[in-house]
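If you read the sequence shown in this note's numbering, its first letter stands for residue 197, the second for the next number, and so on.
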Amino acid sequence: MEKELDKHLEETMSNHGVLGTLCADHHGMCLGAKGSVSTEAAGMVTRLSELAGQLDPSSEEDPIICVESDASTLMIKKHDDITMAIHKAKVPT
């Protein structure tokens with residue numbers, strides 16, 4: 197499984213504008229990280245996903261969280277017991 201996860205993280209990193217990726221389990225343990233996203237952020241990313249899901253508990257789907265700065269966006273999405281974060285550079289307008 198580790199090689200498969202590493203392959204998916206590498207594929208994500210190859211997309212235009214992606215600066216970093218992170219994958220964490222439901223306990224907040226980092227399963228893998230590449231690029232600009234620190235492994236130490238795994239617990240925070242997982243917790244943000246859990247808290248966002250509590251905003252609308254009647255929803256059948258987990259929310260997508262976007263944290264934006266002037267230069268980049270961090271997108272967080274939970275699927276089953278895995279939380280994924282993708283850090284992308286903003287495209288200049």
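Where a beta carbon is used, it is the ideal one built from N, C-alpha and C, also for glycine. Computed from a predicted model, the values in this text were never measured in an experiment.
- Counting C-beta atoms within 10 angstroms of its own C-beta, residue 203 has fewer than 16 neighbours from the protein chains shown and is therefore classed as exposed.
- Spanning the alpha carbons of residue 230 and residue 206 requires a straight line of approximately 8 Å.
- When only Cα atoms are considered, residue 261 and residue 233 end up about 16 Å apart.
- If you draw a straight line from the Cα of residue 248 to the Cα of residue 259, it is about 7 Å long.
- Exclusion of the five residues before and after residue 226 leaves 218, 220, 235 and 238 as the residues of its chain whose Cβ lies within less than 7 Å of its Cβ.
- Per the coordinates, the alpha-carbon of residue 267 lies some 31 Å from the alpha-carbon of residue 198.
- The bridge partners DSSP lists for residue 228 are 219.
- Taking residue 277 as the centre and dropping the five residues before and after it, the same chain places the C-beta of 221 and 222 closer than 7 Å to its C-beta, in chain order.
- Between residue 270 and residue 228, the C-beta gap is not smaller than 9 Å, which leaves the two residues out of contact.
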